[in-house]
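Participant:
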Amino acid sequence: AQSVTQLDSQVPVFEEAPVELRCNYSSSVSVYLFWYVQYPNQGLQLLLKYLSGSTLVESINGFEAEFNKSQTSFHLRKPSVHISDTAEYFCAVGTSGTYKYIFGTGTRLKVLA
Amino acid sequence: DVKVTQSSRYLVKRTGEKVFLECVQDMDHENMFWYRQDPGLGLRLIYFSYDVKMKEKGDIPEGYSVSREKKERFSLILESASTNQTSMYLCASSFRRQGQPQHFGDGTRLSIL
């Protein structure tokens, strides 16, 4: 069965510092991978996705994630965070043959001034 | 832009009441989903629908039912509300193609007293 593990429930980081939010998945078949962001009192917004092709995917606001098949990971990184990046981030995985995705338990990123 | 609209942002109901949560999407998506979100547990799938009048149980369907009479509308029904159903409920929709991201509404925070 598929599963998604987000290893850190909370990550505090100072403004302008780099950050990495970790996501590992288990699946024996081809996967689709997603990162979503949730700001307070809002729903989830798609940040970026990996379907196939280049293993490095980028979002418009400076985040990037790298698909690593051998380590079954899809970690999210940003070289310099802003206060406005404070939010909860969810990793999700889907596999061919189903439209249902499995979501991780989320990582709360808190950017400190 | 995709718009997924949930009828209420906040709802307070009493134990034993029948509760209806409504969700409407405007992008002609075939798939629609209902999740509940609880701290530390991430998103858990309650039900999903891949076509009008079609539904499939998710991971935690007990105590819930759904209705999809029209393509754009997906309703979640709590047959007899209980305090352990106090939660954030999120609706999502997607195209019925592999690797399509799910688009989320802003959520309904439901309190059962």
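Read top to bottom, the protein sequences are chains A and B. To convert, note that position 22 of the first sequence is 5 in this note's numbering; the numbers rise steadily by one, no gaps. For any residue, its number in this note's numbering is found by taking its place in the second sequence, counting from 1, and adding 86. Every residue, glycine too, gets a C-beta built ideally from N, C-alpha and C.
Work out the CA separation of B/Leu176 and B/Lys141 for me, nearest whole Å.
Facilitator: What you label residue 141 of chain B is simply residue 55 of the second sequence in a count that begins at 1. What you label residue 176 of chain B is simply residue 90 of the second sequence in a count that begins at 1. Using only the alpha carbons, I get a separation of about 17 Å.
Participant: Pull up the distance between the alpha-carbon of B/Gly144 and that of B/Glu103, whole angstroms please.
Facilitator: Counting from 1 along the second sequence, the entry for residue 144 of chain B is found at position 58. Counting from 1 along the second sequence, the entry for residue 103 of chain B is found at position 17. Cα-Cα distance, rounded: 23 Å.
Participant: Give, in chain order, every unbroken run of the beta strand (DSSP E) that is at least 3 residues long and sits entirely within the stretch 17 to 80 of chain A.
Facilitator: Whole beta strand (DSSP E) segments, 3+ residues: 27 to 33, 39 to 41, 47 to 51, 56 to 61 and 70 to 78.
Participant: Indicate the three-state DSSP secondary structure (helix, strand or coil) for B/Thr172 in the structure shown.
Facilitator: Mapped onto the second sequence, residue 172 of chain B falls at position 86. Of the three classes helix, strand and coil, the one that applies to B/Thr172 here is coil, per DSSP.
Participant: Take B/Phe119 and list the residues in its own chain whose beta-carbon comes closer than 6 Å to its own, dropping the five residues that flank it on each side.
Facilitator: If you number the second sequence from 1, residue 119 of chain B lands on position 33. So the qualifying residues of the chain are Phe134 and Ala178.
Participant: Any idea what DSSP makes of A/Glu3, helix, strand or coil?
Facilitator: Taking the first residue of the first sequence as 1, we reach residue 3 of chain A at position 20. Strand at A/Glu3.
Participant: Going straight from the alpha carbon of A/Thr81 to that of A/Gly87, what length do you get?
Facilitator: Locating residue 81 of chain A in the first sequence gives position 98, counting from the first residue. Locating residue 87 of chain A in the first sequence gives position 104, counting from the first residue. Cα to Cα, the separation comes out at about 17 Å.
Participant: The beta strand (DSSP E) spanning B/Glu158 covers which residue range?
Facilitator: For the purposes of this step, residue 158 of chain B is taken as residue 72 along the second sequence, with counting starting at 1. Per DSSP, B/Glu158 belongs to no beta strand (DSSP E) and is neither H nor E.
Participant: Which residues of chain B have a Cβ atom closer than 7 Å to the Cβ of A/Thr38, listed in chain order?
Facilitator: As a working mapping, residue 38 of chain A is identified with position 55 in the first sequence. The contacting residues do not exist; A/Thr38 stays about 15 Å from chain B at best.
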